[in-house]
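What follows is a set of notes on a single structure, which appears directly below.
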Amino acid sequence: MGETMLPTRRLLVLGAAAALLTGCQTTPPLDPGTVIGTIRVDVSRLVELGVGPRAEVVRTRLEQELARAFAGMRQPGGATLTVAVRGLTMPTYVGGDIDDGATSDYLESLVTVTGRKGEVLATYPVLSMNGAGDSGFWFSPGIDERRVERLIVNHAAWIKKLTLG
């Protein structure tokens with residue numbers, strides 16, 4: 001009986017937490033007429049944390065994904081979208097775990113949109129997550145690269161959703 005109740009309790013707790021967090025996003029989406037001129041991704045914090053060459057991969061690929069995501073609203077001289085990547089977490093994954101969040105990959109950033117005169121138009125904290133096993137078997141060649149790629153694509157999608165609504 002205890003085992004069958006555990007998922008129900010977990011869902012109840014997660015549901016309550018989600019309900020409490022519903023109103024936490026206080027920054028509204030950008031105005032519909034806002035155009036983006038420049039996209040910058042700062043990974044200096046990842047370098048400080050010792051992420052190594054993966055930091056440059058995050059910078060390059062996130063810039064590419066954001067350019068694709070905002071392609072319809074890019075215009076020279078528009079606002080600047082700056083993404084300061086604050087953390088990349090990829091725990092060791094050896095498969096077989098129940099997805100309880102302990103084997104999840106995370107990418108965290110602070111997105112700031114500034115106007116032509118340098119005024120801050122909006123700021124959005126972004127935390128995206130993927131299951132570590134979502135990218136394939138733990139023993140597959142290139143699994144860590146696929147995990148990073150999935151995080152980047154997911155993160156860019158969340159940035160677009162938060163900034164555009």
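By our numbering, the letter at position 68 of the sequence shown is numbered 68, and the numbering carries on one by one without gaps. Beta carbons: idealized from backbone N, C-alpha and C, even for Gly.
- Note on R150: 16 or more other CB atoms within 10 angstroms of its CB, so buried under the neighbour-count rule.
- In this structure, the alpha-carbon of T114 lies about 23 Å from that of V153.
- Just so you know, the alpha carbons of H155 and R116 end up roughly 25 Å apart.
- Judged by pairs of C-beta atoms under 8 Å, the segment 122 to 130 touches the segment 104 to 113, as three or more such pairs exist.
- Taken in chain order, the complete beta strand (DSSP E) segments of 3 or more residues contained in the segment 76 to 130 are 79 to 89, 104 to 114.
- In the displayed model, D42 falls within a strand according to three-state DSSP.
- G37 carries a strand assignment under DSSP once its states are collapsed to helix, strand and coil.
- Excluding sequence positions up to five before and after V43, its CB lies within less than 6 Å of the CB of A55, V58, R59, V85, all in the same chain and listed in chain order.
- If you look at R59, you'll find it in the alpha helix (DSSP H) that goes 54 to 69.
- Taking 8 Å as the cut-off, the Cβ atoms of Q75 and G50 do not count as close.
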